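First the structure, in the form of structure tokens, and then the observations on it.
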Amino acid sequence: MSHESLLLKDDAVATEILADPAWIRIRDLIYQVSGIYQAENKFYLLVSRATRRMKTVGVRTPREYLDLLTVRPNHDSEVRSLLNEITIGETCLFRSMPQIEALRKVVIPALVEAKKNLPFTRLRFWSAGCSTGEEPYTLAMVLLEEAQTTLKGWNFEVMATDLNDRSIAKAQEGIYNDYAVRNVPPEFMGKYFTKVGSDFRVADSLRPLVNFSRLNMLDDSKMLFMRGLDVIFCCNVLIYFDAKSKSRTIQHFYNALLPSGYFFLGHSESLFGVNEKFRLVHFPGATAYWKAGQAIPKAGAS
Amino acid sequence: MKTESLDRLRSRISRIDSMPSIPVILRPLLRCLDQPAEQVDMNRIVELVSYDKAIAAQCIRMANSALFSRSTPAETVRAAVMCLGMWRVRDLLFSNSLSQVIPMERWVLDPAVFWRHSLGVALVCRKFAEMIEYADTEKAYLAGLLHDIGVLVNCMVAPDEFRVTLDKASREQIPLDEAERATLGFTHSDTGRVLAEAWKIPADLIEAIELHHDIGDPKRGGPLVALVHLSDLLCRMRDLGYGYYEPRQVDFANEPGWLYLVMQFPTMAELDLARFTFNLDEYAKEVGELVATVFAG
């Protein structure tokens, strides 16, 4: 458990937060520009990260900081710095268990069902903005596990792209410290990692499944070539895009997906007002955006 | 459910020695709250709270809990009621009186899990009603709170079969009503309706209890049924269900109940469902605190 989640229990902090409406406005501002929403039970996170920024820039009250984020010159760059703080350390293997459960128990079976009459048995996932590789390797592990049951006899691959060459090089190494693997379930740890000194190296069985490449998501000419995907993950990347780029990128994702494909954002990111074609769907503890196909998974009616 | 089998169920329920009886304070409480919030008489609420020592103690305990972090402790019922506010006091009174409906030893499932779900649905229903500007948010709250009271009847009339049903539901990860149909031949919506009729609660609440799983033609039940149906689904998707994983995909915007509400309430179109969903995790904390208070002794 990280230091910050311990703070959740600190009710003095919680009271102080709710006492100042400027925090609510900062939260709403962040939601408006990035789509990242901090529910009240996650407020401690926003507050602790913003407080860190406030110390750096020498601001004392949330009210002053709100001005810095909205009206002062260079407010865009401060918003960016705050977003960096908020998402820092978010990258780890098995980042969101509810998303992984939804993949295994609902999404993959639904895709198999939707594709059962097609001549090829193949699934393609894309981790867009894969950073240092935690997400694509996680997806590869999930697919390999499902290959024992639901995906028996299927082919699959994980495309992993990032803008940053250094991140990609690091991703290709596939070596992680104990903090990055803290959420990996023990059965996966044993199967897919070997200990190298104090670090962990991903197994060779995973490597051929993941294809790393450099891609700028704002480059339309490159995005046009991304096609035939079943699942796209793009977590905490679009938050940095302005409204227009965001909407264009999401349209690219929509086109890249096959009918019945799924698009996952970070666990508290939302597409509200950005794209009307995707349908927001709920799984236990997770949400995703769905490109409705002909085959509609059993939904709603009970 | 067909009239014939419903009659059979009624007679089965009437034969058991201890039909859950309506809690003493429930009726006066309903009456007292059946008026606009600004006209609710605080003195009457304090009186109702003081009427039951256990509830009074719970109010005081909750007012002094971490949720409020007061600098000076609330020592009187009045101070506690003022601190908690109308809604929380009412939540506490309802869940408390309802949790006494059946004796502790007759529960087939963990009562804390049951109340977590019922209170969760109640809160979501009220919030949902507010957001779409449905006129009677209090009724929405009540409908949510009471929607699963049939579960209490099941514990009383068929404890052994109901235990099997709950096991089946969580083992096979299927909705409770589906498991009930397979093992009992009736659902908690059916038994809930019978109990609600016996308690003589308002007809639209009875409908919400009866139809919350099978809303059928949404026009029949109206907005209240649709609200309860959607809030129940939402809670089950957000860890406020019956404590087991339901592997399913819910496309709310294409649920019949949702489509019906969109036609009735223009503000529905503006609703940011993703944000609403993220906020549910906030209610989970409040619900947890409330349930802990009620079951702390």
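Chains A and B, in that order, give the protein sequences. In this text, residue positions in the first sequence follow the working numbering: the first is 618, and each later residue adds one. In this text, residue positions in the second sequence follow the working numbering: the first is 157, and each later residue adds one. Cβ coordinates follow ideal geometry from the N, Cα and C atoms, glycine included. This one's a predicted model, so the numbers in the text were calculated from it and none came from an experiment.
1. For lysine 283 of chain B, list the residues DSSP reports as bridge partners.
2. Within the continuous beta strand (DSSP E) that includes tyrosine 879 of chain A, where are the two ends?
3. Leaving out the 5 sequence neighbours to the left and right, which residues in its chain are closer than 7 angstroms to leucine 417 of chain B when beta-carbon positions are compared?
4. Helix, strand or coil for valine 443 of chain B? Go by DSSP, reduced to three states.
5. Is there a Cβ of chain A sitting closer than 9 angstroms to that of valine 447 of chain B, yes or no?
6. Compare the C-beta of proline 638 of chain A with all C-beta atoms of chain B and state if any pair is closer than 9 angstroms.
7. Just the Cα atoms here: how many angstroms apart are glutamate 893 of chain A and tyrosine 906 of chain A?
8. How do the segment 390-406 of chain B and the segment 244-260 of chain B stand: do at least 3 beta-carbon pairs fall below 8 angstroms, yes or no?
9. So what does DSSP say about arginine 376 of chain B, is it helix, strand or coil?
10. Tell me, to the nearest whole angstrom, how far the beta carbon of glycine 902 of chain A is from that of aspartate 395 of chain B; I am working on the premise that it is less than 8 angstroms.
11. Should aspartate 847 of chain A and serine 877 of chain A be called a contact, given that it needs their Cβ atoms to be closer than 9 angstroms?
12. Which whole-angstrom value is the C-beta distance of valine 447 of chain B and leucine 204 of chain B, which I expect to be below 8 angstroms?
13. What ranges does the alpha helix (DSSP H) occupy inside the segment 385-432 of chain B, keeping only unbroken runs of at least 4 residues that lie completely in it?
14. Report the three-state DSSP secondary structure of histidine 303 of chain B (helix, strand or coil).
15. From the DSSP output, which residues share a beta bridge with lysine 812 of chain A?
16. Compute the Euclidean distance between the alpha carbons of aspartate 437 of chain B and serine 221 of chain B, then round it to the nearest angstrom.
17. Which chain A residues are close to asparagine 220 of chain B, counting only those with a beta carbon under 9 angstroms from its beta carbon?
18. Hey, how far is the Cα of phenylalanine 224 of chain B from the Cα of arginine 234 of chain B?
19. What first and last residue would you give for the alpha helix (DSSP H) that runs through tyrosine 661 of chain A?
20. Using only the alpha-carbon positions, how far apart do phenylalanine 421 of chain B and proline 825 of chain A sit?
21. With DSSP as the reference, please indicate the residues paired to tyrosine 793 of chain A in a beta bridge.
22. Starting from the Cα of methionine 312 of chain B, find the closest Cα among B:Ala212, B:Thr347, B:Cys239, B:Met393 and give me that residue.
23. By how many angstroms is the C-alpha of valine 280 of chain B removed from the C-alpha of glycine 241 of chain B?
24. In this structure, how does DSSP classify leucine 436 of chain B when only helix, strand and coil are distinguished?
Walking through what the data contain:
1. Working through the second sequence from its first residue, we reach residue 283 of chain B at position 127. Beta-bridge partners of lysine 283 of chain B (DSSP): none assigned.
2. Residue mapping note: residue 879 of chain A aligns to position 262 of the first sequence, counting from 1. For tyrosine 879 of chain A, the enclosing beta strand (DSSP E) starts and ends at 874-881.
3. Here the question's residue 417 of chain B lines up with position 261 in the second sequence. Here the set comprises Ile288, Pro379, Ala382, Met424.
4. The residue you call residue 443 of chain B lines up with position 287 of the second sequence. Valine 443 of chain B sits in a helix when the DSSP states are folded into three classes.
5. Taking the second sequence and counting its residues from 1, the one referred to as residue 447 of chain B is at position 291. Not closer than 9 angstroms to any Cβ of chain A, the Cβ of valine 447 of chain B fails to qualify, so no.
6. The sequence position of residue 638 of chain A within the first sequence is 21, counting from 1. No, proline 638 of chain A lies away from the interface with chain B (no Cβ there is under 9 angstroms from its Cβ).
7. Indexing the first sequence from 1 puts residue 893 of chain A at position 276. Indexing the first sequence from 1 puts residue 906 of chain A at position 289. Answer to the nearest angstrom: the Cα atoms are 10 angstroms apart.
8. At 8 angstroms Cβ cutoff, the stretches do not touch.
9. Taking the second sequence and counting its residues from 1, the one referred to as residue 376 of chain B is at position 220. Helix.
10. On the first sequence, residue 902 of chain A is found 285 positions in, with the first residue counted as 1. On the second sequence, residue 395 of chain B is found 239 positions in, with the first residue counted as 1. Contact holds; Cβ gap of about 6 angstroms.
11. As a first step, residue 847 of chain A is located in the first sequence; it is residue number 230 there, counting from the start. As a first step, residue 877 of chain A is located in the first sequence; it is residue number 260 there, counting from the start. Result yes, Cβ atoms of aspartate 847 of chain A and serine 877 of chain A sit closer than 9 angstroms.
12. To locate residue 447 of chain B, count along the second sequence from 1; it is residue 291. To locate residue 204 of chain B, count along the second sequence from 1; it is residue 48. That pair is no contact at about 21 angstroms.
13. Segments of the alpha helix (DSSP H) lying fully in the segment 385-432 of chain B: 412-420.
14. One-based indexing of the second sequence puts residue 303 of chain B at position 147. Secondary structure at histidine 303 of chain B: coil, using DSSP grouped into helix, strand and coil.
15. Indexing the first sequence from 1 puts residue 812 of chain A at position 195. Answer is A:Phe817.
16. Translated into positions along the second sequence, residue 437 of chain B becomes position 281. Translated into positions along the second sequence, residue 221 of chain B becomes position 65. Straight across, the Cα-Cα distance linking aspartate 437 of chain B with serine 221 of chain B is about 20 angstroms.
17. Along the second sequence, one-based indexing puts residue 220 of chain B at 64. Ordered by position in chain A, no residue passes the 9 angstroms Cβ test against asparagine 220 of chain B, which lies about 12 angstroms from the chain.
18. Your numbering for residue 224 of chain B matches position 68 in the second sequence. Your numbering for residue 234 of chain B matches position 78 in the second sequence. Straight-line Cα distance between these residues: approximately 16 angstroms.
19. Here residue 661 of chain A is taken as the residue at index 44 of the first sequence, counted from 1. From DSSP, the alpha helix (DSSP H) with tyrosine 661 of chain A extends over 660-674.
20. Locating residue 421 of chain B in the second sequence gives position 265, counting from the first residue. Locating residue 825 of chain A in the first sequence gives position 208, counting from the first residue. Spanning the two alpha carbons is a distance of roughly 52 angstroms.
21. Counted from its first residue, the first sequence places residue 793 of chain A at position 176. Answer by DSSP bridge pairing, in chain order: A:Phe817.
22. Working through the second sequence from its first residue, we reach residue 312 of chain B at position 156. The option with the nearest alpha carbon to methionine 312 of chain B is B:Thr347.
23. In the second sequence, residue 241 of chain B corresponds to position 85, counting from 1. In the second sequence, residue 280 of chain B corresponds to position 124, counting from 1. For glycine 241 of chain B and valine 280 of chain B, the distance between alpha carbons rounds to 18 angstroms.
24. For the purposes of this step, residue 436 of chain B is identified with residue 280 of the second sequence, where counting begins at 1. Three-state result, leucine 436 of chain B: helix.
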